[in-house]
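Below is one structure; the comments refer to it alone.
Residue numbers (our numbering): 3 to 125.
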């Protein structure tokens, strides 16, 4: 079997520039590759400082988002949720403590993909 060394999800989006503004501008992803350019992107690879990776590509006229979600950890779910909703992100679920020991909130990105934001519950 070949030795796999890396992986990342690719989300098909209707408007790459709009999604780039959401993932880079609101969630802090850094662009690592853009084709044909960052000014006119059709495909963009990104990563978080902590190592999470994601790519977006399009345009795709009809985006199917129902079975795909992204999970991001943060130090302060409530502050992240407030910032995202103030910027216009659609609320799926407000911050709440979960029985498995995390605090979680959920919003949707511009194409309707679910973005879960989680943190360990404060003791």
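C-beta: ideal position from N, C-alpha, C; glycine also. Predicted model, so just to flag it, every value in this text is computed and none were measured.
Q.
Cutting at 8 Å between CB atoms, please list the residues of its own chain near residue 70, excluding the five before and the five after it.
A. Correct list, in chain order: 11, 13, 115 and 116.
Q: Tell me whether residue 125 sits in a helix, a strand or coil according to DSSP, three-state version.
A: Its pLDDT being 49, under 50, residue 125 is placed unreliably by the model, and the measurement read from it follows with that caveat. Three-state DSSP puts residue 125 in coil, outside helix and strand.
Q.
Once DSSP output is grouped into helix, strand and coil, what is the label at residue 117?
A. DSSP places residue 117 in strand when its eight states are reduced to three.
Q. What does a CB cutoff of less than 7 Å around residue 82 pick up in its chain, not counting 5 residues either side in sequence?
A. These residues qualify, in order along the chain: 76 and 119.
Q | Segment contact flag, the segment 59 to 68 with the segment 13 to 23, C-beta cutoff 8 Å, min 3 pairs | A | Three or more beta-carbon pairs drawn from the segment 59 to 68 and the segment 13 to 23 are found closer than 8 Å, and the two stretches are therefore classed as touching.
Q.
Between 84, 79 and 48, which has its C-alpha nearest residue 100's C-alpha?
A. For residue 100, the closest alpha carbon among the candidates 84, 79 and 48 is that of 79.
Q. Tell me which same chain residues have a C-beta within less than 7 Å of the C-beta of residue 93, skipping the five on either side of it?
A. Cβ neighbours of residue 93 beyond the five flanking positions: 87 and 109.
Q: Return the Cβ separation of residue 122 and residue 96 in integer angstroms, given the expectation that the two are a contact with Cβ distance under 8 Å.
A: Not really, about 18 Å apart at Cβ, beyond 8 Å.
Q: State the DSSP-derived secondary structure class of residue 60, mapped to helix, strand or coil.
A: Coil.
(Q) For residue 83, report the span of its alpha helix (DSSP H) as first-last. (A) Start and end: 79 to 88.
Q | Nearest candidate by alpha-carbon position, reference residue 37, set 111, 28 and 58 | A | Here the closest residue by C-alpha is 58.
Q: Pull up the distance between the alpha-carbon of residue 9 and that of residue 56, whole angstroms please.
A: Taking the straight line from one Cα to the other gives about 9 Å.
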